[in-house]
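Asker: Read in this note's numbering, the sequence shown has 303 at position 251, and its numbers run on one by one without any break. Where is the CB? At the ideal position from N, CA and C, for every residue including glycine. I have a structure I would like to understand better, so I am pasting it below and will then ask my questions one at a time.
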Amino acid sequence: MQEMINRAKELLSDGTVNRVLGWRRGDMSYNPEPSYFETAEDLDANFVYNGFCGANLSKYMIEGSKLEGKTLVFLKPCDSYSFNQLIAEHRVDRDKAYIIGVGCMGKLSFEKIKEQGVKGITNITIDDANENITVETLYGEKTLAYKDCMLERCHVCKGKEHQIFDETIGESRDTKDADRFAEVEKIEAMSPEEKFAFFQNELSRCIRCNACRNVCPACSCRKCVFDSTKFDSAQKANVDSFEEKMFHIIRAFHVAGRCTDCGECSRVCPQGIPLHLFNRKFIKDIDEFYGEFQAGVDPEAKSPLTSFTFNDVEPGVTGGRR
Numbered sequence: 053m054q055e056m057i058n059r060a061k062e063l064l065s066d067g068t069v070n071r072v073l074g075w076r077r078g079d080m081s082y083n084p085e086p087s088y089f090e091t092a093e094d095l096d097a098n099f100v101y102n103g104f105c106g107a108n109l110s111k112y113m114i115e116g117s118k119l120e121g122k123t124l125v126f127l128k129p130c131d132s133y134s135f136n137q138l139i140a141e142h143r144v145d146r147d148k149a150y151i152i153g154v155g156c157m158g159k160l161s162f163e164k165i166k167e168q169g170v171k172g173i174t175n176i177t178i179d180d181a182n183e184n185i186t187v188e189t190l191y192g193e194k195t196l197a198y199k200d201c202m203l204e205r206c207h208v209c210k211g212k213e214h215q216i217f218d219e220t221i222g223e224s225r226d227t228k229d230a231d232r233f234a235e236v237e238k239i240e241a242m243s244p245e246e247k248f249a250f251f252q253n254e255l256s257r258c259i260r261c262n263a264c265r266n267v268c269p270a271c272s273c274r275k276c277v278f279d280s281t282k283f284d285s286a287q288k289a290n291v292d293s294f295e296e297k298m299f300h301i302i303r304a305f306h307v308a309g310r311c312t313d314c315g316e317c318s319r320v321c322p323q324g325i326p327l328h329l330f331n332r333k334f335i336k337d338i339d340e341f342y343g344e345f346q347a348g349v350d351p352e353a354k355s356p357l358t359s360f361t362f363n364d365v366e367p368g369v370t371g372g373r374r
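This is how it looks when you write it as structure tokens:
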């Protein structure tokens, strides 16, 4: 972390960048938050980069691109896919960003820690090797394996290679130990009634806080239909089961072919809904119907859903493949 702070201060002092976009210490050790830094003093006092810095900073560069001068942004490998996709959609200005790719050992989930029966948490520390974490509680200390506390997305990591950067700092560790589409395949094997019951149960917990939409790099419209008062779609409460389900289904279709599977929607959901399953199902289908495609690898590449070929499948006509 200190190397990141020192490099950021150098780039600020020589005028290469006007500000730094990184992670700020929270009120507890396990809840840092995205933030801009404009002085060396602020960096020294408040900048942090650790296992809890899971937030994808690429979306914040939409506004960062509108500010005067360059913004230094720290991107983890998975974040860099999102930044590339935003370039492809002309939502960020590459010339206004100085990108430092930072190493990643996998990011931690506070909810996963609590699921292991830990209560009354007062502090969490991570050992230097990122092998274990020590959880301090009102009832004493408990040591947990780092890998058992990682975010779901880290277990199916796309890889630790940055897709775009100006320079890199730090090392990464391969955290992939599960199949990316295993959860989707379990749902595909269900009967229609079981699928409906599964998603009805999950989505019934939605409180329409819009956290998933607000954090999603692919949800970058200046005006969202769900903010419109004309059609009463801005309501926060689920007034009926249709409203409850359609918000997430419509959003999933909206980002189809553009979602990089960064997992931010599930990470920020206060109700613990596995929203990434919708997007991952679409990614799996796109791979099977059109050939493997990963959004965010190449900002010049066209999405299969926006690039017609005569060999495209016609599910509505043939039930699958042509």
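What separation, rounded to the nearest whole angstrom, lies between the Cα atoms of Gly67 and Val144?
Answerer: Looking up residue 67 in the sequence shown gives position 15. Looking up residue 144 in the sequence shown gives position 92. Approximately 21 angstroms, taken between the alpha carbons.
Asker: CB Glu240 to CB Lys333, shorter than 9 angstroms?
Answerer: For the purposes of this step, residue 240 is identified with residue 188 of the sequence shown, where counting begins at 1. For the purposes of this step, residue 333 is identified with residue 281 of the sequence shown, where counting begins at 1. Yes, Cβ-Cβ distance for Glu240 and Lys333 is below 9 angstroms.
Asker: Identify which residue in Thr91, Phe104, Leu138 has its Cα closest to the Cα of Cys273.
Answerer: Taking the sequence shown and counting its residues from 1, one reaches residue 273 at position 221. Of the listed residues, the one whose Cα sits closest to Cys273 is Leu138.
Asker: Identify, in the order they occur along the chain, each residue of the same chain with its Cβ nearer than 8 angstroms to the Cβ of Ala230, setting aside the five sequence neighbours on each side.
Answerer: To locate residue 230, count along the sequence shown from 1; it is residue 178. Contacts found: His207, Val208.
Asker: Tell me, please, whether the region 162-181 touches the region 346-354 by the rule of three or more beta-carbon pairs shorter than 8 angstroms.
Answerer: Too few Cβ pairs lie closer than 8 angstroms, so no.
Asker: Have a look at Ser359, Asn70, Thr189 and flag the residue whose alpha-carbon is nearest the alpha-carbon of Lys166.
Answerer: For this step, residue 166 is matched to residue 114 along the sequence shown. Here the closest residue by C-alpha is Thr189.
Asker: DSSP three-state call for Thr358: helix, strand or coil?
Answerer: For the purposes of this step, residue 358 is identified with residue 306 of the sequence shown, where counting begins at 1. Note: Thr358 maps to helix in three-state DSSP.
Asker: Do Ser110 and Phe135 count as a contact pair if the criterion is CB distance below 9 angstroms?
Answerer: Your numbering for residue 135 matches position 83 in the sequence shown. Your numbering for residue 110 matches position 58 in the sequence shown. Yes; because the gap between Cβ atoms is below 9 angstroms, this pair is in contact.
Asker: Within its chain, find whatever has a CB closer than 6 angstroms to the CB of Glu223; leave out the 5 residues flanking it on each side and keep chain order.
Answerer: Residue 223 sits at position 171 when you count from the first residue of the sequence shown. So the list reads Gly155, once near-sequence residues are dropped.
Asker: Count the other CB atoms within 10 Å of the CB of Asn175; is the residue buried (16 or more) or exposed (fewer)?
Answerer: For the purposes of this step, residue 175 is identified with residue 123 of the sequence shown, where counting begins at 1. Asn175 is exposed by the Cβ-count criterion.
Asker: Going straight from the alpha carbon of Arg232 to that of Thr312, what length do you get?
Answerer: Position 180 of the sequence shown holds residue 232. Position 260 of the sequence shown holds residue 312. Looking at the two C-alpha atoms, the distance is approximately 13 angstroms.
Asker: If we ignore side chains and look at the alpha-carbon of each, how far apart do Phe299 and Pro356 end up?
Answerer: Along the sequence shown, read from residue 1 onward, the residue named residue 299 stands at position 247. Along the sequence shown, read from residue 1 onward, the residue named residue 356 stands at position 304. Their backbone Cα atoms lie some 24 angstroms apart in a straight line.
Asker: With DSSP collapsed to three states, give me the class of Gly67.
Answerer: For this step, residue 67 is matched to residue 15 along the sequence shown. Correct three-state label for Gly67: coil.
Asker: Which stretch, first to last residue, makes up the beta strand (DSSP E) that contains Gly192?
Answerer: Here residue 192 refers to the residue found at position 140 when the sequence shown is read from its first residue. It spans 192-197 - the beta strand (DSSP E) in which Gly192 sits, taken as one unbroken run.
Asker: Is Asn136 helix, strand or coil by DSSP?
Answerer: Reading the sequence shown from its first residue, position 84 is the one you call residue 136. Three-state DSSP puts Asn136 in a helix.
Asker: Can you tell me the Cβ-Cβ gap for Met56 and Tyr112, rounded? I've got them flagged as a contact below 8 angstroms.
Answerer: Walking along the sequence shown from the start, residue 56 turns up at place 4. Walking along the sequence shown from the start, residue 112 turns up at place 60. Contact flag wrong, Cβ pair sits at about 17 angstroms.
Asker: Should Gly106 and Pro129 be called a contact, given that it needs their Cβ atoms to be closer than 9 angstroms?
Answerer: Taking the sequence shown and counting its residues from 1, one reaches residue 106 at position 54. Taking the sequence shown and counting its residues from 1, one reaches residue 129 at position 77. No. Outside cutoff.
Asker: Does any residue of chain D have a CB that is nearer than 9 angstroms to the CB of Val100?
Answerer: Here chain D cannot be found, since the structure has a single protein chain.
Asker: CB-CB under 8 angstroms to Glu193, same chain, minus the five flanking residues each way: which ones, in chain order?
Answerer: Along the sequence shown, read from residue 1 onward, the residue named residue 193 stands at position 141. Result list for Glu193: Thr186, Val187, in chain order.
Asker: For the alpha helix (DSSP H) containing Asn253, list its first residue and its last residue.
Answerer: Mapped onto the sequence shown, residue 253 falls at position 201. Residues 244-255.
Asker: Among residues of its own chain, excluding the 5 on either side of Asp131, which ones have a beta-carbon nearer than 8 angstroms to its beta-carbon?
Answerer: The residue labelled residue 131 in the question sits at position 79 within the sequence shown. Same-chain partners within the cutoff: Asn108, Leu109, Ser110, Cys314.
Asker: In whole angstroms, what separates the C-alpha of Tyr150 from that of Phe248?
Answerer: Taking the sequence shown and counting its residues from 1, the one referred to as residue 150 is at position 98. Taking the sequence shown and counting its residues from 1, the one referred to as residue 248 is at position 196. Those two C-alpha atoms are separated by around 45 angstroms.
Asker: Rank Thr195, Glu235, Glu219, Glu163 by C-alpha distance to the C-alpha of Met202 and give the top, closest one.
Answerer: Here residue 202 refers to the residue found at position 150 when the sequence shown is read from its first residue. If we check each option's Cα against that of Met202, Glu163 comes out closest.
Asker: Relative to the alpha-carbon of Ala352, which residue among Ala140, Phe217, Glu254, Ile178 has its alpha-carbon at the smallest distance?
Answerer: Residue mapping note: residue 352 aligns to position 300 of the sequence shown, counting from 1. It is worth fixing the name first, because residue 352 is Glu in this sequence and not Ala. Looking at the Cα atoms, Ala140 is the closest of the given residues.
Asker: Pick helix, strand or coil for Arg374, following the three-state DSSP scheme.
Answerer: Translated into positions along the sequence shown, residue 374 becomes position 322. With a pLDDT of 40 at Arg374, under the threshold of 50, the predicted position of this residue should be treated as unreliable, though the coordinate-derived value follows. In this structure, Arg374 counts as coil in the three-state DSSP scheme.
Asker: What is the residue span of the beta strand (DSSP E) that Phe89 lies within?
Answerer: Position 37 of the sequence shown holds residue 89. Residues 85-89.
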